[in-house]
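Be aware that the sequence shown starts at 1, since it is given in the working numbering, and climbs by one per residue.
Quick reminder that beta carbons are idealized off the backbone N, C-alpha and C, glycines included.
Single-structure report; data block below.
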Amino acid sequence: MTDQECVEFLQWALPRLGLRWPGFRKVRRQVHKRMNRRMEELGLAQIADYRSYLEAHPDEWRVLDGLTSISISRFYRDRGVFVYLREVVLPELARTVQKTKDNRICCWCAGCASGEEPYTLAIVWNQHLQEDFPLVRLELVGTDMDVQVLQRAHRATYPRSSVKDLPVQWLTAAFVRSGEQFALRPEFQQTVEFQQQDIRREMPRGPFDLILCRNLVFTYFAEGVQRQVLREIVDRLLPRGYLVIGKKAVLPENTERLGQHNAGLGIYQAR
């Protein structure tokens, strides 16, 4: 299958999955490789044969849906976002929950892949904020539809490429190195829970003080699906809670229930 054939196929198939082609333009090579492997497994030589197979075997659409799952991630990705969370959002939430009985900041990372995002937040909290807010506990849940990436999240062992953006002092404090592999210390894993969920169909109950939904819904999903998922997400935000959608993402509609907090970083706050 050539690249052009892959493009034409995705432009045909993605809308049927509730996905949008523009989000896949720069990452299609990952999907291309997976589709080639799948066609080899089925003994299909041409992309036209795979289209016919899809039409004849409706269950194959679920397989294709999994093939289009993008899992590009690393620790401290988009550094500016985490700096802002560390300096502004998390301290504000900590001061707020100190006035409550349970002293918990509840955070959900949607599309967490191999756990890099929630573990980064755990490191940020441990290294920079725990001392200032000793009674406050950061509790994180990461969700993803891909069982394999969640298995890697549970193992919490990463190659150098995944941790290359972390400051050296964080890397030393949070990981044990073995050759070219970096194993996250247990104390940084204790506050993170992982669940297998497809955000289009189910979500953790919440409510949450902070929800990170970056490089997922508002990048890859069709607009109608975006609107549906956004309503469910906002329903799980506590009053004055934060939603982070990423620097380049755009919400599908203006909603009276969210206000821009930092437009440049894609951070919104529940009204």
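> Would you report the Cα separation of P91 and A13, rounded to the nearest angstrom?
Replying inline: In the sequence shown, counting from the first residue as 1, residue 91 sits at position 91. In the sequence shown, counting from the first residue as 1, residue 13 sits at position 13. Between P91 and A13, the alpha-carbon positions lie close to 44 Å from each other.
>> Please return the same chain residues whose Cβ sits closer than 8 Å to the Cβ of D132, not counting the five positions on each side in sequence.
In response: In the sequence shown, residue 132 corresponds to position 132, counting from 1. These residues qualify, in order along the chain: P91, A94.
> Are the beta-carbon atoms of D235 and C107 separated by less than 8 Å?
Replying inline: Counting from one through the sequence shown, the residue named residue 235 turns up at place 235. Counting from one through the sequence shown, the residue named residue 107 turns up at place 107. For D235 and C107, no; Cβs fall outside 8 Å.
>> Within 8 Å of any Cβ in chain E, is that where the Cβ of G43 sits?
In response: In summary, chain E is missing from the structure at hand, where a single protein chain is found.
> How is R177 classed by DSSP in three states: helix, strand or coil?
Replying inline: Locating residue 177 in the sequence shown gives position 177, counting from the first residue. Residue state, collapsed to three classes: strand.
> Among T255, W61, A263, S71, which residue has its Cα nearest to the Cα of I245?
Replying inline: Locating residue 245 in the sequence shown gives position 245, counting from the first residue. Measuring C-alpha to C-alpha distances from I245 to each of T255, W61, A263, S71 identifies A263 as the nearest.
> Can you tell me whether DSSP reads Y50 as helix, strand or coil?
Replying inline: To locate residue 50, count along the sequence shown from 1; it is residue 50. If DSSP states are grouped into helix, strand and coil, Y50 belongs with the helices.
> When you compare only the Cα positions, how much space is there between W170 and Q196?
Replying inline: Within the sequence shown, numbered from 1, the residue matching residue 170 stands at position 170. Within the sequence shown, numbered from 1, the residue matching residue 196 stands at position 196. Distance between the alpha carbons of W170 and Q196: 28 Å.
> With respect to the beta strand (DSSP E) encompassing V244, which residues constitute its N-terminal and C-terminal limits?
Replying inline: The sequence position of residue 244 within the sequence shown is 244, counting from 1. Per DSSP, V244 belongs to the beta strand (DSSP E) from 237-244.
>> Below 8 Å on the Cβ atoms is my contact criterion, and I expect D65 with L10 to pass it. Report the Cβ-Cβ distance as a whole number of Å.
In response: Looking up residue 65 in the sequence shown gives position 65. Looking up residue 10 in the sequence shown gives position 10. The Cβ separation is near 12 Å, so there is no contact.
> So T219 and G23 are in contact, right, with Cβ under 8 Å, and what is the actual spacing, rounded?
Replying inline: Within the sequence shown, the letter at position 219 stands for residue 219. Within the sequence shown, the letter at position 23 stands for residue 23. Confirmed, Cβ separation roughly 4 Å.
>> Within the continuous beta strand (DSSP E) that includes C107, where are the two ends?
In response: Within the sequence shown, residue 107 is the residue found at index 107, counting from 1. Where C107 is concerned, the enclosing beta strand (DSSP E) stretches over 104-110.
>> Let me make sure I understand the geometry here. Which of L243, D78, H57, L251 has the alpha-carbon closest to that of Q226?
In response: The residue labelled residue 226 in the question sits at position 226 within the sequence shown. Taking only the C-alpha atoms, the option nearest Q226 is L251.
> Which class does D209 belong to by DSSP, given the choice of helix, strand or coil?
Replying inline: Position 209 of the sequence shown, counted from the first residue, corresponds to residue 209. Here D209 sits in strand by DSSP.
> Fully enclosed by the region 63-142, which beta strand (DSSP E) runs are 3 residues long or longer?
Replying inline: 104-110
> Which residues share a DSSP beta bridge with N36?
Replying inline: As a working note, residue 36 is residue 36 in the sequence shown. According to DSSP, which records beta bridges pairwise, N36 is partnered with nothing at all.
> Is the beta carbon of L258 sitting closer than 8 Å to the one on R240?
Replying inline: For the purposes of this step, residue 258 is taken as the residue at position 258 of the sequence shown. For the purposes of this step, residue 240 is taken as the residue at position 240 of the sequence shown. The answer is no: Cβ separation not under 8 Å.
>> Need the endpoints of the beta strand (DSSP E) that H57 sits in, please.
In response: Within the sequence shown, the letter at position 57 stands for residue 57. It is not in any beta strand (DSSP E) - H57 carries neither H nor E in the DSSP assignment.
> Relative to the alpha-carbon of R77, which residue among Y119, K99, L184 has its alpha-carbon at the smallest distance?
Replying inline: For the purposes of this step, residue 77 is taken as the residue at position 77 of the sequence shown. Cα-wise, what sits closest to R77 is Y119.
> DSSP three-state call for I233: helix, strand or coil?
Replying inline: Here residue 233 refers to the residue found at position 233 when the sequence shown is read from its first residue. In the three-state scheme derived from DSSP, where H, G and I count as helix and E and B as strand, I233 is classed as helix.
>> I need the straight-line Cα distance from N103 to T96, nearest angstrom please.
In response: Reading the sequence shown from its first residue, position 103 is the one you call residue 103. Reading the sequence shown from its first residue, position 96 is the one you call residue 96. One C-alpha to the other measures close to 9 Å.
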